[in-house]
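In this note's numbering, the protein residues as written are 42 to 333.
This report concerns only the one structure given below.
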Amino acid sequence: MAAAPPSSLRERKKRRTRQALIDTALELFTRRGFGGVTLDELCEEVEVSKRTFFRTFTSKEDVAMAPDQDLWRAFLEELETVDPGGRPLVELGRDALLAALERMDDEGWTRRLLLSRRLAERTPSMGAHGLQFCEATTLEALEILDRRFGLGAPGDLRPRLAVDMLIAAFRGAVAGWAAQADGAVGEAGVAGVADVARVAGVGVADVAGVAAVAGVADVARVAGVGLADVAGVAGVADRVEPPSRQDLAVRLRVEPPSRQDLAVRLRAAVAALPGSLALTTGPAADDESAVS
42 MAAAPPSSLR
52 ERKKRRTRQA
62 LIDTALELFT
72 RRGFGGVTLD
82 ELCEEVEVSK
92 RTFFRTFTSK
102 EDVAMAPDQD
112 LWRAFLEELE
122 TVDPGGRPLV
132 ELGRDALLAA
142 LERMDDEGWT
152 RRLLLSRRLA
162 ERTPSMGAHG
172 LQFCEATTLE
182 ALEILDRRFG
192 LGAPGDLRPR
202 LAVDMLIAAF
212 RGAVAGWAAQ
222 ADGAVGEAGV
232 AGVADVARVA
242 GVGVADVAGV
252 AAVAGVADVA
262 RVAGVGLADV
272 AGVAGVADRV
282 EPPSRQDLAV
292 RLRVEPPSRQ
302 DLAVRLRAAV
312 AALPGSLALT
322 TGPAADDESA
332 VS
């Protein structure tokens, strides 16, 4: 069997290193807080130099937001080839974004996106980084639209507004998608950090930082029960003897929502855009808001 070309081997190694940096960064940041992990510690954990890190990422914020940024980079690539088909620009963008979402076929991508989102909610510097990336992505999308379809006449705000609306629809879809994960956690009946820590046989501090950010799947990972989820522990808290880790792993199953769930929400959010533009408000009557 012939050996793969050196360039192919190099690319595969680069991809593996990049993925290791993303996974390790999200794990460490979730467990210890974004500010609780230095770049030196991250590189040491992955066994790469800082020089190698900076060949791929510009900062801790950059690596922490990689799942979201990977999707939008794929969107720009899809925008280069998507068939216009005489559709409204927002619908064309929706289809390009859905195609990009289909390319996120790594089974761990949804989990990484959820972790990244939770971190961004608690980390102002990630929010600032996200705004910069969003603006750069918007400008690149507008350049593609102008080059391909001539949609860039001076003073015409419609292309910019269409892209902004698509981004707003995606954000709304992701918010609902993440809430779906939170709802699954709540329905599972997590008893509380102290009970989870006691049952798992780990320290409260090890669980507390994760429980508030990432959900039960990551609590289980910290607790050392693989990818099984620490949910439904309420029934365990009253036991005199904690169950085995195997028992815990078998009993508790909660998975993050899928790419397909996100795609459904994105379609619904884009479909709601015309209605939001037509929404008007009237004077309040009987202390109730009149909205038509």
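We treat Cβ as the ideally placed atom computed from N, Cα and C, and that holds for glycine.
Spatial neighbours of residue i in its chain, beta-carbon cut-off 6 Å, leaving aside the 5 residues before and after
i    : result
L83  : A66
F98  : V104
F94  : C84
P298 : W218, Q221, A222
A310 : A210, G213, A214
G164 : Just to set this straight, residue 164 is Thr in the shown sequence, not Gly. F75.
R135 : V311
K91  : C84
L62  : V87, V104
Simplified DSSP assignment, three categories, for residue i
i    : result
T99  : coil
T151 : helix
C322 : The displayed chain sequence assigns Thr, not Cys, to residue 322. In the structure shown, T322 sits in a strand (DSSP, three-state: E or B).
A313 : coil
T178 : helix
A194 : coil
D124 : coil
P200 : helix
D146 : coil
T164 : coil
E82  : helix
S90  : coil
M206 : helix
G74  : coil
S299 : coil
L293 : For L293, the pLDDT reaches just 36, beneath the cut-off of 50, and the residue's location in the model is therefore unreliable, although a value from the coordinates is still provided. Looking at L293 - three-state DSSP - the assignment turns out to be coil, as it is neither helix nor strand.
P129 : coil
Cβ neighbours of residue i in the same chain (closer than 7 Å, five flanking residues each side left out)
i    : result
G149 : none
V291 : With a pLDDT of 35 at V291, under the threshold of 50, the predicted position of this residue should be treated as unreliable, and no value is reported.
Q110 : F174
S133 : For clarity, residue 133 is Leu in the given sequence; the question names Ser instead. Only V123, P125 meet the Cβ criterion.
A141 : L112, A115, F116, E119
V78  : L69, F70
Selection from the options that minimises the alpha carbon distance to residue i
i    : options                : result
G126 : E184, F190, T79        : F190
R57  : V87, A140, D136, L186  : V87
Q60  : L198, P298, V89, D187  : V89
D187 : T151, E121, L139       : E121
V131 : L142, A194, A312, Q301 : A312
P108 : M167, G134, R92        : M167
L155 : D64, R53, D136, G323   : D64
K55  : R96, G74, F70          : R96
L318 : A203, G77, R128        : A203
L183 : D197, A194, R201, P195 : R201
L314 : R92, P129, R73         : P129
R300 : G224, A194, M145, E181 : M145
R152 : D197, T71, L198        : T71
L139 : P324, G316, D302       : D302
Residues of its chain near residue i, where Cβ-Cβ distance is below 8 Å and the 5 sequence neighbours each way are ignored
i    : result
H170 : S100, E102, D103, M106
R51  : none
I185 : L117, L120, E121
D288 : Residue placement at D288 cannot be trusted, given a pLDDT of 40 that sits under 50; what the coordinates show is reported in the next sentence. If we look at D288 and ignore the five residues flanking it on each side, it has no Cβ neighbours.
Closer than 6 Å: residue i CB and nearest the ligand ATP heavy atom
i   : result
E82 : As for the ligand ATP, it is missing from this structure, which has no ligand bound.
| query | Is it a yes or a no for the stretch 299–306 touching the stretch 203–223, going by three-plus beta-carbon pairs under 8 Å? | reply | By the Cβ rule, the stretch 299–306 counts as touching the stretch 203–223, because three or more pairs are nearer than 8 Å.
| query | Is the stretch 115–122 close to the stretch 153–164, with three or more CB pairs under 8 Å? | reply | Three or more Cβ pairs closer than 8 Å define a contact, and the stretch 115–122 falls short of that threshold against the stretch 153–164.
| request: Please determine if the stretch 202–212 and the stretch 172–183 are in contact, where contact requires at least 3 C-beta pairs separated by less than 8 Å. | output: A contact between stretches requires three or more CB pairs, one per stretch, nearer than 8 Å, and the stretch 202–212 meets this requirement with the stretch 172–183.
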